[in-house]
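Worksheet: the structure to be examined is printed underneath.
2 protein chains.
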Amino acid sequence: MITIAVDAMGGDHAPRAEVEGAVAAARDYGVRVRLVGLDSVVRNELARHPHRGLPIEVVHASEVITMTDLPSQAFRKKKDSSVHVALRLMRKGEADALVSAGNTGAVMATARFMLGTLPSVDRPALAAPFPTSKGGVAVLIDVGANVDSKPEHLEQFAIMGEIYYRTIFGMRRPRVALLSIGEEESKGNEVTREAFARLKQTPLNFVGNVEGRDVFSGHVQVIVCDGFIGNVALKISEGLVEHLVQVLKDALKATIASQVGYVLSRRAYQDFKKKVDYSEYGGAPLLGVRGTTIICHGRSNANAIKNAIRVAAELVRTRANVRIEQELAEVQAAHRA
Amino acid sequence: MITIAVDAMGGDHAPRAEVEGAVAAARDYGVRVRLVGLDSVVRNELARHPHRGLPIEVVHASEVITMTDLPSQAFRKKKDSSVHVALRLMRKGEADALVSAGNTGAVMATARFMLGTLPSVDRPALAAPFPTSKGGVAVLIDVGANVDSKPEHLEQFAIMGEIYYRTIFGMRRPRVALLSIGEEESKGNEVTREAFARLKQTPLNFVGNVEGRDVFSGHVQVIVCDGFIGNVALKISEGLVEHLVQVLKDALKATIASQVGYVLSRRAYQDFKKKVDYSEYGGAPLLGVRGTTIICHGRSNANAIKNAIRVAAELVRTRANVRIEQELAEVQAAHRA
Numbered sequence: 001m002i003t004i005a006v007d008a009m010g011g012d013h014a015p016r017a018e019v020e021g022a023v024a025a026a027r028d029y030g031v032r033v034r035l036v037g038l039d040s041v042v043r044n045e046l047a048r049h050p051h052r053g054l055p056i057e058v059v060h061a062s063e064v065i066t067m068t069d070l071p072s073q074a075f076r077k078k079k080d081s082s083v084h085v086a087l088r089l090m091r092k093g094e095a096d097a098l099v100s101a102g103n104t105g106a107v108m109a110t111a112r113f114m115l116g117t118l119p120s121v122d123r124p125a126l127a128a129p130f131p132t133s134k135g136g137v138a139v140l141i142d143v144g145a146n147v148d149s150k151p152e153h154l155e156q157f158a159i160m161g162e163i164y165y166r167t168i169f170g171m172r173r174p175r176v177a178l179l180s181i182g183e184e185e186s187k188g189n190e191v192t193r194e195a196f197a198r199l200k201q202t203p204l205n206f207v208g209n210v211e212g213r214d215v216f217s218g219h220v221q222v223i224v225c226d227g228f229i230g231n232v233a234l235k236i237s238e239g240l241v242e243h244l245v246q247v248l249k250d251a252l253k254a255t256i257a258s259q260v261g262y263v264l265s266r267r268a269y270q271d272f273k274k275k276v277d278y279s280e281y282g283g284a285p286l287l288g289v290r291g292t293t294i295i296c297h298g299r300s301n302a303n304a305i306k307n308a309i310r311v312a313a314e315l316v317r318t319r320a321n322v323r324i325e326q327e328l329a330e331v332q333a334a335h336r337a
Numbered sequence: 001m002i003t004i005a006v007d008a009m010g011g012d013h014a015p016r017a018e019v020e021g022a023v024a025a026a027r028d029y030g031v032r033v034r035l036v037g038l039d040s041v042v043r044n045e046l047a048r049h050p051h052r053g054l055p056i057e058v059v060h061a062s063e064v065i066t067m068t069d070l071p072s073q074a075f076r077k078k079k080d081s082s083v084h085v086a087l088r089l090m091r092k093g094e095a096d097a098l099v100s101a102g103n104t105g106a107v108m109a110t111a112r113f114m115l116g117t118l119p120s121v122d123r124p125a126l127a128a129p130f131p132t133s134k135g136g137v138a139v140l141i142d143v144g145a146n147v148d149s150k151p152e153h154l155e156q157f158a159i160m161g162e163i164y165y166r167t168i169f170g171m172r173r174p175r176v177a178l179l180s181i182g183e184e185e186s187k188g189n190e191v192t193r194e195a196f197a198r199l200k201q202t203p204l205n206f207v208g209n210v211e212g213r214d215v216f217s218g219h220v221q222v223i224v225c226d227g228f229i230g231n232v233a234l235k236i237s238e239g240l241v242e243h244l245v246q247v248l249k250d251a252l253k254a255t256i257a258s259q260v261g262y263v264l265s266r267r268a269y270q271d272f273k274k275k276v277d278y279s280e281y282g283g284a285p286l287l288g289v290r291g292t293t294i295i296c297h298g299r300s301n302a303n304a305i306k307n308a309i310r311v312a313a314e315l316v317r318t319r320a321n322v323r324i325e326q327e328l329a330e331v332q333a334a335h336r337a
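Protein sequences, first through last, are from chains R and Y. Residues 1 to 337 in the working numbering are what the first sequence spells out, letter by letter. Residues 1 to 337 in the working numbering are what the second sequence spells out, letter by letter.
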């Protein structure tokens, strides 16, 4: 039985969302869940959810990483944090994957350090799925694990992202693109131009450059970029969604007619909010580490945690890391030849 | 009288939007406008708008740059395009500024080549204003004139962007920030970390790093980044706004109740659309060239063109370029000392 370690202390709604999501996943997906965190706190929460007979356990961790901890300090100084304990379970073979909605920087740093990277991977990368206008999902990789990526790193991100996409979203030949500032091969910066030349030679379904406005169009499925750019893109999108929802709310409150209109179309707003809520897509995997690690948004609700557990189990079951290592080794052999 | 050359053939709605905006600007702002484009086409359009006694003229240009022209080819091969003719008017002293809603790449390349850069500027930069949650405006600089910017270029962008902000949006000490992936000075990539150290030493009101999500918050007014990142940020924002408007429309059409609700709150949607419409903010100045050049969105309507003419006239009237040259020379002298 696949076993997922869930960082019960991570998110803004921890341990409530984590425990509720874990119970639902254990019930619906046939996975074992080890909830890692302050024993009494997690047990209290667990007692609120019927879970008799479900494969759920609590594993104690005496320390908690907060959002204000600096990543580098958290991973060096809080060695009994829920993240550390969960990763130690993975190293001992007592868990197959980690799901955490904690401090992204701290989880990434600790996972990289404690699990190490796959032999053919230079740098792990964070892959963020988000909804598109066509109703499907696109994945942006990297959204913040790296800065100053080199062309060969972008090539690795593309290969890892494509395998993740195939595995989780079930498309056989997802379209892979490079995020740039113009469609022609000559457009972009030094790094993307060289990455373009490399990607053309891979077995991927590489369709060339896309611009920022194509990210949400649904025309491409895997979009590759340096982590500085991907992080700015992701955070701008989050900020803009909040901004637009606020502007719309204010406009709807402005007159009596629009208030009545709002009440009548409330369901439409709820649908709207749900569709622009990134949390439903199962978190962002940190690809390229030895072991499966899914990082969820701090604001994740129980459903987001449940989905992330499903994604983690699926990546383990399909041996995604073995395939990543294999495909990367092949591409690197082709470069040498 | 300040004279603005308007590229009458540039935008998606050319020459309609250009001519209507020019007539309104000549009437309301006391500026002279020279409409540059295919003589017969522009005159026909101008005849539709009452303009007797207004300082408006048509200047013939036999060629038109299209959106599919490559920038480098357009500026070398279409030497009698409306952009070339307008820039030649500037060189002869027959116009003080150019406003164009044409092919951004072609306008930038042609303006850089034909006007040259200010002595203390290494690279001109495009500054894009956009609305924030607080109701004000923030300016992102650079949004696509440069890639692979060095720290000293980002410093120049900051100084140019701040002078533009003070001039046009009337704030005495706008807050200047660096777009990065974390607030601490140590966060970012090689270029932003070095730019951070430089910006601290300028006389600017530099407040440090901001993340993508702060771009729309209204906490900072001038946000500095490399043009690759700024272009991705801008295009992602445009794509996301379109995506969200579509999702909302679909949701509102889904049930009878929400359709009735929509009718009642239609004014609210119109307000919403207007507030997220970037075209109202007067176009994006290409700062650092010898001469004032404003580039508008291809979709600009007459109001956007009118606003861009106002901004161009204001930058000319206040001698913004003289102040840019002066402040940059001072900062560079301080670096040498």
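The C-beta atom is built at its ideal place from N, Cα and C for all residues, glycine as well. Because the structure is a prediction, the values reported are computed rather than measured.
In the DSSP assignment, R:I305 falls within the alpha helix (DSSP H) that extends over A302 to R317.
Each of R:A333, R:R76 and R:L315 was checked against the Cα of R:E162, and the nearest Cα belongs to R:L315.
Flagged as an interface residue toward chain R: Y:R213, by a C-beta distance shorter than 7 Å. When DSSP states are grouped into helix, strand and coil, Y:V139 belongs to the strand group.
Annotated three-state conformation of Y:V42 is helix, per DSSP.
In this structure, DSSP gives Y:E57 an extended state, which the three-state scheme calls strand.
Contact check for Y:A5 and Y:R34: beta-carbon distance about 5 Å, within the 8 Å limit, so the pair qualifies. In this structure R:G208 is not in contact with R:L140, their Cβ atoms being roughly 16 Å apart against a cut-off of 8 Å. Around the beta carbon of R:V263, a 10 Å sphere encloses fewer than 16 other beta carbons of the protein chains shown; the residue is thus reported as exposed.
Across the structure, Y:R27 and Y:D250 are spaced so that their CA atoms are roughly 41 Å apart. Ranking Y:E330, Y:L287, Y:V331 and Y:R336 by CA distance to the CA of Y:A312 puts Y:L287 first. Listed in chain order, the positions of the stretch 257–274 of chain R with a beta carbon within less than 9 Å of a beta carbon of chain Y are A257, S258, Q259, V260, G261, Y262, V263, L264, S265, R266, R267, A268, Y269, Q270, D271 and F272. Ranked by how close their Cα comes to the Cα of Y:A106, the residues Y:D7, Y:N189 and Y:F130 have Y:D7 in first place.
The C-beta distance from Y:V232 to R:G212 rounds to 4 Å, short enough to meet the 8 Å contact threshold. Residue contact check for Y:D69 against chain R: no CB pair falls below 7 Å. In this structure, Y:A111 lies away from Y:A125, with their beta-carbon atoms at least 7 Å apart. In this structure, the straight-line span from the alpha carbon of R:A257 to that of R:E152 is close to 57 Å. CA-to-CA, the gap between Y:E63 and Y:V83 works out to about 9 Å.
Listed in chain order, the beta strand (DSSP E) runs fully inside the stretch 215–260 of chain R are 222–224, counting runs of at least 3 residues. For Y:Q246, the chain R residues whose C-beta falls within less than 7 Å of its own C-beta are S133, listed in chain order.
For Y:S82, the enclosing alpha helix (DSSP H) starts and ends at S82 to R91. Proximity of the stretch 323–337 of chain Y to the stretch 160–180 of chain Y meets the contact definition, three or more beta-carbon pairs being nearer than 8 Å. Assignment of R:A127 by DSSP, reduced to helix, strand and coil, places it in the strand class. Annotation: the continuous alpha helix (DSSP H) that includes Y:S72 extends over P71 to K77.
At a Cβ-Cβ threshold of 7 Å, R:Q221 and R:A138 count as neighbours.
For R:K150, the closest Cβ of chain Y is not nearer than 7 Å. Of all alpha-carbon atoms in R:F196, R:R175 and R:L244, the one lying nearest the alpha-carbon of R:D214 is that of R:R175. For Y:E63, the three-state secondary structure derived from DSSP is strand. In this structure, Y:I56 sits away from Y:E327, with a CB-CB distance that is not shorter than 7 Å. DSSP places Y:V147 in the coil class of the three-state scheme, outside both helix and strand.
The closest CA to that of R:P15, considering only R:P71, R:L178, R:T68 and R:V99, is found on R:V99.
Contact with chain R is absent for Y:K249, since none of that chain's Cβ atoms lies less than 7 Å from the residue's Cβ.
The beta strand (DSSP E) runs of length 3 or more contained entirely in the stretch 100–124 of chain Y do not exist; there are none.
For Y:A97 against Y:G291, the beta-carbon gap comes to about 7 Å, under 8 Å, which counts as contact.
Contact annotation: Y:V23 and Y:H60 have beta-carbon atoms that are not nearer than 7 Å. In chain order, G239, L240 and H243 make up the part of chain Y whose C-beta sits under 7 Å from the C-beta of R:F216.
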